[in-house]
């Protein structure tokens, strides 16, 4: 087994801090590499989210998780209100952790789900013959189905007789 981790030289102890992942963004490979290699620079996506990255009264830091398209690892950022990653941590298997924890969808995946849902609803209103479910069309994983609030594929369906059910179970 090979793990991609940050090892500390002669550390006296392992120090951890409670962090809440309040938002996940996904960058393309070039932008992620730039962040990965330069944590002292200011980035627009950090500036857009800096206002809410604070430590609360319970000493929990509210953070941004940055993922890269096609990669499993991520970077956790706590800017403390600044426009650069004032505090950061490399998170191995961040994508798997986020999926297993039902954390919010990445913006790209959420946009894809919403676009398809709006298209699907439009087909129902226009009387179109849509027989594939939203979940089937998107090839959603069990984790995504759960995170989206769908208990099963039968939560959303449309049949040729015009009977449809839009209620979440």
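Numbering (our numbering), first residue to last: 1311 to 1479.
No residue lacks a Cβ here, since even glycine has one placed at the ideal position from N, Cα and C.
Keep in mind the model is a prediction, meaning the values are calculated, not measured.
Here's a check: name, in chain order, each residue in its chain whose Cβ is nearer than 6 Å to the Cβ of residue 1332, leaving out the five neighbours to either side. 1372, listed in sequence order.
Per-residue burial, residue 1317 [other beta carbons within 10 Å of its own, 16 or more giving buried]: Exposed is the call here.
Within this structure, are the beta carbons of residue 1374 and residue 1405 separated by less than 8 Å? For residue 1374 and residue 1405, no; Cβs fall outside 8 Å.
Identify, in the order they occur along the chain, each residue of the same chain with its Cβ nearer than 8 Å to the Cβ of residue 1360, setting aside the five sequence neighbours on each side. Hits under 8 Å: 1389, 1391, 1392, 1393.
Does DSSP put residue 1312 in a helix, in a strand, or in coil? Residue 1312: coil per DSSP, three-state reduction.
Would you call the CB atoms of residue 1385 and residue 1346 closer than 8 Å? Against a cut-off of 8 Å, the Cβ pair of residue 1346 and residue 1385 comes out as a contact.
If residue 1338 and residue 1379 are in contact, beta carbons under 8 Å, what's the gap, nearest whole angstrom? With 8 Å as the limit, residue 1338 and residue 1379 qualify as a contact, their Cβ atoms being about 6 Å apart.
Residue 1353 versus 1365, 1320, 1319, 1335, residue with shortest Cα-Cα distance: Selected option, being the one with the closest Cα: 1335.
Beta-carbon proximity list for residue 1323, same chain, < 8 Å, skipping 5 on both sides: Taken in chain order, the list of residues that qualify is empty.
Run through DSSP, which three-state label would residue 1361 get? In the structure shown, residue 1361 sits in a helix (DSSP, three-state: H, G or I).
Would you kindly check if the distance between the Cβ of residue 1400 and the Cβ of residue 1425 is under 8 Å? Contact flag unset, no.
Which runs of the alpha helix (DSSP H) spanning at least 4 residues fall entirely within the stretch 1313 to 1379, listed in chain order? Fully enclosed alpha helix (DSSP H) runs of 4 or longer: 1339 to 1347, 1354 to 1357.
Assigned exposure category for residue 1342 - 16 Cβ within 10 Å defines buried: The residue in question, residue 1342, is buried, as its Cβ has 16 or more Cβ neighbours within 10 Å.
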